[in-house]
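Undergrad: Residue numbers (numbering that gives the first Met the number 0): 0 to 266. Don't be surprised by glycine CBs; every beta carbon is placed ideally from N, CA and C.
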Amino acid sequence: MKEDYVHGYSEREAIRLVDQAKTLAPLMHHDTSYPEGCMVLEAGCGVGAQTITLARNSPHAEITSVDISEPSLNLAKTLISNEGISNVHFQIADIMDLPFEDETFDHVFICFVLEHLSDPVKALKSLKRVLKKGGSITVIEGDHGSCYFHPETEEAVKAWQCLVKVQTDLNCNPLMGRELYPLLTEAGFKNINVDPRVVYVDSSKGELVDGFIKKTIIAMVEGVKDQAIESGLIDLETWEKGIEDLHKSAEPSGTFFYNFFKGIAIK
0 MKEDYVHGYS EREAIRLVDQ AKTLAPLMHH DTSYPEGCMV LEAGCGVGAQ TITLARNSPH
60 AEITSVDISE PSLNLAKTLI SNEGISNVHF QIADIMDLPF EDETFDHVFI CFVLEHLSDP
120 VKALKSLKRV LKKGGSITVI EGDHGSCYFH PETEEAVKAW QCLVKVQTDL NCNPLMGREL
180 YPLLTEAGFK NINVDPRVVY VDSSKGELVD GFIKKTIIAM VEGVKDQAIE SGLIDLETWE
240 KGIEDLHKSA EPSGTFFYNF FKGIAIK
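#1: Less than 7 Å separating the beta-carbons of Ile265 and Asn190?
#2: How would you call Pro119, buried or exposed, if buried means at least 16 neighbouring beta carbons within 10 angstroms?
#3: Could you give the uninterrupted runs of the alpha helix (DSSP H) lying entirely in the stretch 70–136, keeping only those of 4 residues or more?
#4: I think Leu183 touches Leu123, with their Cβ atoms under 8 Å apart; what is that distance to the nearest whole Å?
#5: For Cys161, which option in Glu206, Pro195, Gly231 has the closest C-alpha, if you only look at C-alpha atoms?
#6: What does the Cβ neighbour count give for His59, buried or exposed, with the cut at 16 atoms within 10 Å?
#7: For Asn192 and Ile109, which I take to be in contact (beta-carbon distance under 8 Å), what is that distance rounded to the nearest angstrom?
#8: Taking the straight line between their C-alpha atoms, what separation do you get for Glu69 and Asn86?
#9: Return the residue from the list Gly253, Val65, Val107 that minimises the CA-CA distance to Val39.
#10: Give the DSSP-derived three-state secondary structure of Thr31 in the structure shown.
#11: Look up Leu40 in the DSSP assignment and give the residues it is bridged to.
#12: Look at the alpha carbon of Trp238 and the alpha carbon of Ala158, and state the distance between them as a whole number of angstroms.
#13: When burial is assigned at 16 or more other CB atoms within 10 Å of the CB, is Glu114 buried or exposed?
#14: Is it buried or exposed for His88, if we count other Cβ within 10 angstroms and need 16 for buried?
#15: With C-beta atoms as the reference, is Cys37 less than 7 Å away from Asp101?
#16: Among Phe255, Lys214, Ala48, Lys127, which one has its Cα closest to the Cα of Ile94?
#17: Drop a sphere of 10 angstroms on the beta-carbon of Pro150, count the other beta-carbons inside from all chains shown, and report buried for 16 or more, exposed for fewer.
#18: Measuring only the C-alpha atoms, how far is Ile91 from Val156?
#19: Could you give the first and the last residue of the continuous alpha helix (DSSP H) run that contains Arg55?
#20: Since Val208 is in the beta strand (DSSP E), which residue starts that stretch and which ends it?
#21: Assuming Leu78 and Val46 are in contact, meaning their beta carbons sit under 8 Å apart, how far apart are those beta carbons, in whole angstroms?
#22: Using C-beta distances below 6 Å, list every residue in its chain close to Glu82, excluding the 5 sequence neighbours before and after it, in chain order.
#23: Would DSSP call Ala264 helix, strand or coil?
#24: Using a threshold of 7 Å, state whether the C-beta atoms of Met64 and Leu97 are closer than that.
#25: Whose C-beta lies closer than 8 Å to the C-beta of Ala24 among residues of the same chain, with five residues either side of it excluded?
#26: By DSSP, does Ala173 sit in helix, in strand, or in coil?
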């Protein structure tokens, strides 16, 4: 079941995803690693942005990375090959109908995927089926409702809300992060632990100013420009002023705050 991806499948989006993964790796994955010899399923790997860190953090684990998009998988294969990584196998697969036997994997990893699915509980149950009893699932999601920035202008807020509205109109959930615990509970997982991973950026954090505000966040908002204007959510003048104002959060007088959520649970 192929879902609409709000950000599209352009080369620019592939670059944004890799930039985002590199920037957030210390925050998201300092505690993500798997033992030697275990079998790990990465569900919805996309262009392989998260795969690099997964494979490097667990060089002796066997990682199977799946996605429904063949073009994305081809990009992922090239990326992983260029990085000299050899413990990853790629396969086309639908998260809702995985081509694996019950209890195949020791661990499951899924990052920035549930927000784009119309039925996240069904996806989690599908992943639980292929997870061994006692195995873990790691889920990471953002929450667009947790975004705060300075300076905050009416136009900047309207531009940001366009991202939220466009994603909502695709029957997706831009506020997924705050729902991880109840969703994992409904899917039947146990020993659930969800904790926030806060990104706060000011001018003293130069790498985050460039990698997170400019290359991840603003690039993500800019990606819905056409949908937002064509659907009448915002006019071009307000949009351009809003993007200009968002860029001010990356200036020396600006700040930016966003909350991700990382959940780990056991079958």
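TA: Taking the geometry as given:
#1: Numbered from its first residue, the sequence shown carries residue 265 at position 266. Numbered from its first residue, the sequence shown carries residue 190 at position 191. Taking 7 Å as the Cβ cut-off, Ile265 and Asn190 qualify as a contacting pair.
#2: For this step, residue 119 is matched to residue 120 along the sequence shown. By the 10 Å Cβ count, Pro119 comes out buried.
#3: 119–128
#4: The residue you call residue 183 lines up with position 184 of the sequence shown. The residue you call residue 123 lines up with position 124 of the sequence shown. Confirmed, Cβ separation roughly 7 Å.
#5: In the sequence shown, the residue the question calls residue 161 occupies position 162. Among Glu206, Pro195, Gly231, the Cα nearest to that of Cys161 is on Gly231.
#6: Position 60 of the sequence shown holds residue 59. Looking at its Cβ environment, which holds fewer than 16 other Cβ atoms inside 10 Å, His59 is exposed.
#7: The sequence position of residue 192 within the sequence shown is 193, counting from 1. The sequence position of residue 109 within the sequence shown is 110, counting from 1. Incorrect: roughly 16 Å between the Cβ atoms, too far for contact.
#8: Taking the first residue of the sequence shown as 1, we reach residue 69 at position 70. Taking the first residue of the sequence shown as 1, we reach residue 86 at position 87. Computed Cα separation, rounded: 20 Å.
#9: Walking along the sequence shown from the start, residue 39 turns up at place 40. Closest option to Val39, Cα to Cα, is Val107.
#10: Position 32 of the sequence shown, counted from the start, is the residue given in the question as residue 31. Three-state result, Thr31: coil.
#11: Taking the first residue of the sequence shown as position 1, residue 40 is located at position 41. Answer by DSSP bridge pairing, in chain order: Thr63, Val107.
#12: Residue numbering aside, residue 238 sits at position 239 when the sequence shown is read from its first letter. Residue numbering aside, residue 158 sits at position 159 when the sequence shown is read from its first letter. Their Cα atoms are separated by approximately 6 Å.
#13: Working through the sequence shown from its first residue, we reach residue 114 at position 115. Buried, since its Cβ has 16 or more Cβ neighbours within 10 Å.
#14: Looking up residue 88 in the sequence shown gives position 89. With fewer than 16 other Cβ atoms within 10 Å, it is exposed.
#15: Counting from one through the sequence shown, the residue named residue 37 turns up at place 38. Counting from one through the sequence shown, the residue named residue 101 turns up at place 102. No, the pair does not count as a contact, with Cβ atoms beyond the cut-off.
#16: Locating residue 94 in the sequence shown gives position 95, where the first residue counts as 1. Ranking the options by Cα distance to Ile94, first place goes to Lys127.
#17: In the sequence shown, the residue the question calls residue 150 occupies position 151. By the 10 Å Cβ count, Pro150 comes out exposed.
#18: Working through the sequence shown from its first residue, we reach residue 91 at position 92. Working through the sequence shown from its first residue, we reach residue 156 at position 157. Rounded to whole angstroms, Ile91 to Val156 spans 38 Å at the Cα level.
#19: Within the sequence shown, residue 55 is the residue found at index 56, counting from 1. Note, Arg55: alpha helix (DSSP H), 50–56.
#20: Numbered from its first residue, the sequence shown carries residue 208 at position 209. First-last for Val208: undefined, no H or E at that position.
#21: Taking the sequence shown and counting its residues from 1, one reaches residue 78 at position 79. Taking the sequence shown and counting its residues from 1, one reaches residue 46 at position 47. That pair is a contact at about 7 Å.
#22: Here the question's residue 82 lines up with position 83 in the sequence shown. Correct list, in chain order: Ile51.
#23: As a position in the sequence shown, residue 264 is number 265, starting the count at 1. Strand at Ala264.
#24: Position 65 of the sequence shown, counted from the first residue, corresponds to residue 64. Position 98 of the sequence shown, counted from the first residue, corresponds to residue 97. For the sequence presented, residue 64 should be read as Ser rather than Met. No; because the gap between Cβ atoms is not below 7 Å, this pair is not in contact.
#25: Here residue 24 is taken as the residue at index 25 of the sequence shown, counted from 1. If we look at Ala24 and ignore the five residues flanking it on each side, its Cβ neighbours are Thr52.
#26: On the sequence shown, position 174 is the one that residue 173 refers to. Checking the sequence shown, residue 173 turns out to be Pro, not Ala. Of the three classes helix, strand and coil, the one that applies to Pro173 here is coil, per DSSP.
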